[in-house]
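One structure is given here, and the rest of the page talks about it.
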Amino acid sequence: MLRFILTFLISAIITTSQANAAEPALTRINHIIVIYLENHSFDNLYGLFPGANGLDQAVYTHLQTDEAGKPYSTLPAIKDVRFPHALGNRPFPIEQYVPANEKTDDLVHRFYQNQAQINGGRNDRFAGISDAAGLVMGYYDGSKLPLWQYAKKYTLADNFYQAAFGGSFLNHFWLVCACTPSFPNASDNLRASLDAHGNLIKDGAVTPDGYAVNTLQPMTMPYRKSTLPAKRLPLQTLPTIGDRLSEKDISWAWYSGGWNDAINGHADKEFQYHHQPFGYFKNFAEDTQGRLQHLKDESDFIADIKNGNLPAVSFYKPLGTLNEHPGYTDILSGEKHIAEIISHIENSKLWKDSLIIVTYDENGGFWDHVAPPVKDRWGPGLRVPTLIISPYAKRGFVDHTQYDTTSILKFIETRYKLNPLGTRDGDAANLTNSLELN
């Protein structure tokens, strides 16, 4: 018994020592840059990546089924006439029909539909439930796209999940607060209805018990001007990662393409209000100091890179024309844009102590073959591509560690010794397996 106790104590001391030793190593990283792109699953972009859990692992999991559970003989027909009417029930290369510099249609990617598509981890109802039908099974040969070269050179995480089911609105919240916004007084016409088994009867932006899970406009500007106040989300008061950083006087900013035009009342038609999560919070509402200090335009981001003035933590959200969202834009334009941003950072004085995380908010309705882990009622959803780019990133490495969007928060919290925002980020792996800090 004594030997067991001594062994346990020695092990605990070693573990504690190792944990404490890891923190000073992280202080070498003084600029964390999160680039948040749109709407692609891992298999959709990196399913062909060597060494990753990709399409060659999906041989027995790709069949899409109808409502009765019967596999389709061919995928449901895609409305876009550029695609054949009858594609086989399997993944197919999109560029065979639509080049990477042309748009595809958007695909449904909503909270309840996403869960139904996942279907208990079988991932077999994507085609049957999607408004884009068989397009869900399309993939790109990522080796022909610019960011693939960064994935080859640095670290690609192939077990990284969107934090929440569904679309951009909810996943942007999980990026900044690890939370689902509340709307307790939402009208019935905004609320979803479910049957006794949790199946969707009527879709809505708000759950029956008052949580906002699909797109709503913010209460204060900028928002879509036609939206009545009763249909806008009340200002939220839960803490965000911005609040945590500000409490410690750590500099940070959210940079967004088209922000200045939007706050001045003439938003670009591709500016997405629901991609601006801090704007939904009381501390960053219209006319607050928080907004003035921390919410900035893409032009500021470019200037701050050029001048070596990025804050300790930066989030960058491109405009719709450059964020890779199907239906808004093609994929090649966004890839070229982000590769150019990364190149600017690599060639700046910031590079020596920077860590760039390139990730996607959610799967965008595209299928992925891996069943997401089961954590809580909000998610996580499917895998999304994530690249870790830094002088300290492992080279040519595929990281199989289980991560999700809240792992980004966990990394920031670990680096700057911040309290977690919730259980999910508190328990998340913190990306350090992708780094060489010794």
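In my numbering, the protein residues as written are 79 to 516.
Positions of the beta carbon are idealized from the N, C-alpha and C atoms, including for glycine.
Point to revise | Nearest candidate by alpha-carbon position, reference residue 453, set 369, 184 and 243 | key: Looking only at 369, 184 and 243, the smallest Cα-Cα distance to residue 453 is reached by 243.
Point to revise | For residue 288, the nearest candidate out of 312, 356 and 305 (CA to CA) | key: 312
Exercise for review: Output yes or no for whether 9 angstroms exceeds the beta carbon distance between residue 369 and residue 379.
Suggested key: Their beta carbons are not under 9 angstroms apart, which means residue 369 does not touch residue 379 by this criterion.
**Study point:** Backbone secondary structure at residue 148 - three-state DSSP
**Key:** coil
**Study point:** For residue 438, the three-state DSSP class (helix, strand or coil)
**Key:** strand
Check your understanding: According to DSSP, what are the bridge partners of residue 533?
Key -> An answer regarding residue 533 cannot be provided, because it is not within the stretch 79 to 516 covered by the chain.
Review point. Who are the near neighbours of residue 489 in its chain, counting only those whose CB is closer than 6 angstroms to its CB and skipping five residues on each side?
Key: Within the same chain, residue 489 has close Cβ partners 508 and 509.
Point to revise | Opposing strand residues paired with residue 392 [DSSP bridges] | key: 111 and 331, per the DSSP bridge assignment.
Review point. Which residues bound the beta strand (DSSP E) around residue 464?
Key: 464-467
Point to revise | Residue burial classification, residue 160 (beta-carbon count within 10 angstroms, cutoff 16) | key: Residue 160 is exposed by the Cβ-count criterion.
Point to revise | For residue 116 and residue 338, the rounded distance between their alpha carbons | key: Residue 338 and residue 116: Cα-Cα distance of roughly 21 angstroms.
Practice item. Please look up how many angstroms separate the CB atoms of residue 211 and residue 153, rounded, as I've assumed it's under 8 angstroms. Key: 7 angstroms
Check your understanding: Residues in its own chain within less than 7 angstroms of residue 514 by CB, not counting five upstream and five downstream?
Key -> 470 and 472
Check your understanding: Looking only at its own chain, which residues have a Cβ that is under 6 angstroms from the Cβ of residue 99, when we skip the five neighbours before and after it?
Key -> For residue 99, the pLDDT reaches just 34, beneath the cut-off of 50, and the residue's location in the model is therefore unreliable, although a value from the coordinates is still provided. Here the set comprises nothing.
Review point. Which runs of the beta strand (DSSP E) spanning at least 3 residues fall entirely within the segment 319-388, listed in chain order?
Key: 330-334 and 373-375
Review point. Where does residue 153 fall in DSSP's three states?
Key: coil
**Study point:** Presumed contact (8 angstroms Cβ cut-off) between residue 436 and residue 464, rounded CB distance
**Key:** At roughly 7 angstroms, the Cβ-Cβ gap stays under 8 angstroms, so residue 436 and residue 464 are in contact.
Practice item. Give the DSSP-derived three-state secondary structure of residue 89 in the structure shown. Key: For residue 89, the predicted model reports a pLDDT of 42, less than 50, meaning its position is unreliable and no value from the coordinates is stated.
**Study point:** DSSP state of residue 470 mapped onto helix, strand, coil
**Key:** coil
Check your understanding: Given 8 angstroms as the limit, is there contact between the segment 423-439 and the segment 237-253, that is, 3 or more CB pairs closer than that?
Key -> yes
Exercise for review: Any chance you could list the alpha helix (DSSP H) runs of at least 4 consecutive residues sitting entirely within the segment 205-288, in chain order?
Suggested key: 224-231 and 246-255
**Study point:** Reduced DSSP category for residue 127 - H, G, I as helix; E, B as strand; rest coil
**Key:** coil
Practice item. Give the secondary structure of residue 431 by DSSP, where H, G and I count as helix, E and B as strand, and everything else as coil. Key: The answer is helix: DSSP assigns residue 431 an H, G or I state.
Review point. Hey, quick one: how far does the alpha helix (DSSP H) through residue 477 stretch, first residue to last?
Key: Careful: residue 477 lies outside any alpha helix (DSSP H), inside the beta strand (DSSP E) at 475-477.
**Study point:** Buried versus exposed, by CB contacts within 10 Å (16 or more), residue 286
**Key:** exposed
Review point. Between residue 462 and residue 110, which are expected to be in contact by the criterion C-beta below 8 angstroms, what is the C-beta distance as a whole number of angstroms?
Key: Residue 462 to residue 110, Cβ: 18 angstroms. No contact.
Check your understanding: CB-CB under 8 angstroms to residue 104, same chain, minus the five flanking residues each way: which ones, in chain order?
Key -> 492, 493, 510 and 515
Practice item. Mind checking which residues open and close the alpha helix (DSSP H) that includes residue 505? Key: 501-505
Exercise for review: Inspect the beta-carbon positions of residue 420 and residue 486 and report whether they are closer than 9 angstroms.
Suggested key: no
Check your understanding: What's the C-alpha gap between residue 504 and residue 308?
Key -> Rounded to the nearest angstrom, the two C-alpha atoms are 34 angstroms apart.
Practice item. Could you pull the start and end residues of the alpha helix (DSSP H) that residue 415 belongs to? Key: Per DSSP, residue 415 is one residue of the alpha helix (DSSP H) stretching across 409-424.
Review point. Nearest to residue 328 by CA position, among 347, 155 and 495, is which residue?
Key: 495
Review point. What number of angstroms, rounded off, separates the C-alpha of residue 256 from the C-alpha of residue 223?
Key: 31 angstroms
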